[in-house]
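Participant: Per the working numbering, the sequence shown starts with residue 217, numbered consecutively.
Here a beta-carbon is modelled for each residue, glycine too, at the ideal position from N, C-alpha and C.
Computed from a predicted structure; not experimentally measured.
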Amino acid sequence: MTTETFEFQVEARQLLQLMIHSVYSNKDVFLRELVSNASDALDKLRLEKLRDDSLDADVSDLHIELDVDKEARTLTVRDNGIGMSYDEVGKLIGTIANSGTAAFLEELKEAKDAAGAEGLIGRFGVGFYSGFMAADEVTLVTRRAGEGQGTRWTSRGEETYTLERVDDAPQGTSVTLHLKPADPENQLHDYTSEWTIREIVKRYSDFITWPIRMVPEAKDGQDAPGPETLNSMKALWARSRDEVSDDEYHELYKHISHDWREPLETIRLQAEGTFEYQALLFVPSHAPHDLFTRDFKRGVQLYVKRVFIMDDCEALLPPYLRFVKGVVDAQDLSLNVSREILQQDRHIRMMQRRLTKKVLSTVKEIKAKDAGRYATFWREFGTALKEGLVTDSENRDAILAVSSFATTHSADEPTTLAQYMERMKDGQDDIWFITGESRQSIENSPHMEAFRAKGIEVLLLTDAVDEVWVDAVGTYEGKKLRSVAKGEIDLDAEDEEKAGEEREKQAEEYAGLLGWMRERLDEDIKEVRLSTRLTVSPACVVSDAHDLTPALENMYRAMGQ
Ligand code: ADP
Ligand code: MG
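1. Whole angstroms are fine: how far does the CA of Gln559 sit from the CA of Arg612?
2. Would DSSP call Thr387 helix, strand or coil?
3. May I ask you to report which of helix, strand or coil DSSP gives Arg612?
4. What are the residues that DSSP puts in a beta bridge with Leu537?
5. Does the separation of the CB atoms of Leu507 and Thr592 fall below 9 Å?
6. Residues in its own chain within less than 8 Å of Ile220 by CB, not counting five upstream and five downstream?
7. Using only alpha-carbon positions, find the residue among Gly299, Thr691, Pro504, Ala440 that is nearest to Arg477.
8. Taking the straight line between their C-alpha atoms, what separation do you get for Glu710 and Lys721?
9. Give a single yes or no on whether Leu282 has its beta carbon closer than 8 Å to a heavy atom of the ligand ADP.
10. Output the distance between the C-alpha atoms of Glu779 and Arg655, rounded to the nearest integer angstrom.
11. To the nearest angstrom, report how far apart Met300 and Thr358 are at their CA atoms.
12. Return the first residue and the last residue of the alpha helix (DSSP H) that Phe667 is part of.
13. Where DSSP assigns a beta bridge to Arg359, which residues make up the other side?
14. Which of helix, strand or coil does DSSP assign to Pro662?
15. Inspect the beta-carbon positions of Ser276 and Ile424 and report whether they are closer than 9 Å.
16. Name the one or two DSSP bridge partners that Ile280 has.
17. Which residue wins for smallest C-alpha separation from Ile280, given the options Thr445, Val245, Asn552?
18. Would you say the beta carbon of Gly343 is closer than 8 Å to some non-hydrogen atom of the ligand MG?
19. Kindly examine the ligand MG and report whether one of its heavy atoms sits closer than 8 Å to the Cβ of Asn402.
20. What would DSSP say about Gln559, mapped onto helix, strand or coil?
21. How would you label Leu746, buried or exposed, when you count the other beta carbons within 10 angstroms and need 16 or more for buried?
22. Got a sec: does the ligand ADP put a non-hydrogen atom nearer than 8 Å to the Cβ of His279?
23. In whole angstroms, what is the alpha-carbon distance linking Lys602 and Gly728?
24. Could you tell me if Asn447 is buried or exposed, where buried requires 16 or more neighbouring beta carbons within 10 angstroms of its beta carbon?
25. What span of residues does the alpha helix (DSSP H) with Arg381 cover, start to end?
26. Using the rule of at least 16 other Cβ atoms within 10 Å of the residue's Cβ for burial, across every protein chain shown, is Val758 buried or exposed?
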């Protein structure tokens with residue numbers, strides 16, 4: 217058989233160099249990554265077989281196997297899952313396709329020194345390549361279920377890898393690490409030690425729903441004992457809260473989200489009754505970089521009676537909660553459900569309502585209990601959550617209750633609408649806001665002068681979605697949400713009469729000037745009028761009360777409308 221040699225993609229090479237020279241202290245995680253890939257491969261095969269019974273694949277004993285050879289100093293992670301075709305190996309292993317890794321490399325470019333780069337490893341899943349932290353050569357042999365021929369991939373993690381077709385590969389994938397020389401100082405990380413492997417599996421992969429077996433070493437003159445299963449395989453979402461440690465929840469989060477950081481919050485929900493399901497949801501601690509792109513993969517994993525059915529099940533949570541990760545396991549759905557069916561299913565809609573309320577009430581609790589954690593949540597996900605003010609009228613109040621906004625009241629502490637109301641001046645009828653691109657630009661806008669002079673608080677809204685929700689919401693607790701840049705504004709309602717007289721006098725006085733301005737600017741404006749809203753600037757441009765605000769006008773213009 218011919219062996220072909222290929223060069224790694226530039227990004228892949230960078231990443232590999234980082235792995236090879238890594239002094240990252242927690243090298244153990246490579247095993248979690250390989251086991252996680254094997255588990256995914258088993259999920260995929262079971263599902264494919266379920267969808268297509270004619271697939272020529274053996275699904276009778278799906279499992280993961282760990283095989284240590286002390287003499288040769290190798291560790292093999294084997295699965296009999298979906299496997300990869302020749303082309304897939306080149307595409308999936310030779311390049312960097314997954315978005316988490318892309319984000320990792322983005323940040324890597326910005327990291328100024330080696331120490332910065334090391335820190336990054338801990339924050340991103342770097343998947344398959346992490347094997348090179350422990351090995352100086354990696355061999356992968358795989359055969360895609362249903363196909364006759366297999367593929368061998370080999371690399372020392374340097375410039376190139378080789379691909380070769382093999383005839384006798386078993387179904388699935390085996391990854392063999394040729395381990396780096398032993399470090400006598402550090403017995404704990406001796407990956408030829410069964411004890412070490414057992415500890416790592418317990419720690420990181422106990423919840424994996426497939427058996428992870430240790431291939432026993434044959435001892436002289438004795439029959440090898442049967443394989444031992446290292447993990448308990450218990451679905452964490454089906455176990456009671458006090459049986460599961462936070463660490464275990466976090467490891468599950470890392471497995472399904474491909475994030476290496478701890479989640480901000482873990483949310484459990486057990487629904488009993490006619491439509492039974494269990495949910496284990498996670499709020500990440502960081503927004504993914506592609507949260508606002510169109511191909512962001514949203515949704516949680518759907519299981520039916522412990523069987524993995526699909527990733528990214530978007531029907532279970534509304535789009536504005538798309539950052540939530542997790543697992544939902546339903547008792548009474550067909551194993552053959554499709555995305556289309558899910559979108560229309562009445563039970564699924566009920567689940568969505570319940571899960572949405574649960575997430576929002578959890579955010580409310582965080583807000584009440586832990587200001588720091590709430591601040592992180594809002595910084596990372598507030599912009600997404602505010603979309604719900606527009607799209608989810610049922611939960612509008614719950615979303616408003618956990619929303620906070622920058623305000624002229626404080627340079628760095630955002631405020632809720634409720635807090636704003638408490639500070640409102642006697643006789644103030646409206647909640648004032650201004651929208652624009654940045655706090656700085658709107659804070660110094662001429663529209664703000666009168667408000668500043670009178671000490672009236674104004675919310676400073678700088679997200680595009682702010683333009684839309686303020687309209688959709690309209691009023692809060694009977695107070696109108698009003699833009700400082702729209703319509704006629706009279707902040708002196710009390711001295712109405714006096715003001716009226718004076719204004720008439722002024723109007724006469726300035727009639728000539730106003731008429732002249734009107735003539736000169738005829739093409740561009742609707743009207744020129746005297747105003748009480750300015751204290752320093754001589755003039756400003758305002759919109760009609762029902763016009764688009766300038767920022768929204770820009771947004772629509774940018775969208776070509
Ligand atoms: P990720 O798991 O985040 O996608 P990895 O670097 O861990 O990234 O793996 C890259 C891809 O290689 C996987 O998405 C999968 O398609 C493929 N792959 C890796 N390991 C296996 C395996 N054991 N069986 C089948 N496919 C695999
Ligand atoms: Mg992976």
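Facilitator: Let me lay it out:
1. Looking at the two C-alpha atoms, the distance is approximately 22 Å.
2. One detail in the question is off: residue 387 reads as Gln in this sequence, not Thr. DSSP places Gln387 outside both helix and strand once states are collapsed to three, so it counts as coil.
3. Judged by DSSP in its simplified three-state form, Arg612 adopts helix.
4. Looking at the DSSP output, Leu537 sits in no beta bridge, so it has no partner there.
5. No; because the gap between Cβ atoms is not below 9 Å, this pair is not in contact.
6. Reading off the sequence shown, one finds Glu at residue 220, where the question assumed Ile. Once the five neighbours on either side are set aside, the close Cβ partners of Glu220 are Thr378, Leu379, Glu380.
7. Looking at Gly299, Thr691, Pro504, Ala440, the one whose alpha-carbon comes closest to that of Arg477 is Pro504.
8. With a pLDDT of only 45 at Glu710, under 50, the local geometry of the prediction cannot be trusted, and the value read off the model is given with reservation. Across the structure, Glu710 and Lys721 are spaced so that their CA atoms are roughly 19 Å apart.
9. Checking the Cβ of Leu282 against the ligand ADP gives no.
10. The requested residue 779 does not occur in the structure, where the chain is confined to residues 217 to 777.
11. Taking the Cα positions, Met300 is about 6 Å away from Thr358.
12. Where Phe667 is concerned, the enclosing alpha helix (DSSP H) stretches over 665–670.
13. Under DSSP, Arg359 shares a beta bridge with Gly388.
14. Helix at Pro662.
15. The answer is no: Cβ separation not under 9 Å.
16. Answer by DSSP bridge pairing, in chain order: Asp295, Ile428.
17. Of the candidates Thr445, Val245, Asn552, the one whose C-alpha sits nearest the C-alpha of Ile280 is Thr445.
18. For the ligand MG, at least one heavy atom lies less than 8 Å from the Cβ of Gly343.
19. A distance criterion of 8 Å places the beta-carbon of Asn402 beyond contact range of the ligand MG, judged by its closest non-hydrogen atom.
20. Judged by DSSP in its simplified three-state form, Gln559 adopts helix.
21. Under a 10 Å Cβ-count criterion, Leu746 is classified as exposed, with fewer than 16 other Cβ atoms of the shown protein chains found around its own Cβ.
22. No; taking the cut-off as 8 Å, the Cβ of His279 has no heavy atom of the ligand ADP nearer than that.
23. CA-CA distance, Lys602 to Gly728, rounds to 47 Å.
24. The residue is buried, with at least 16 neighbouring Cβ atoms inside 10 Å.
25. Arg381 -> not in any alpha helix (DSSP H); beta strand (DSSP E) instead, spanning 376–382.
26. Burial call: buried.
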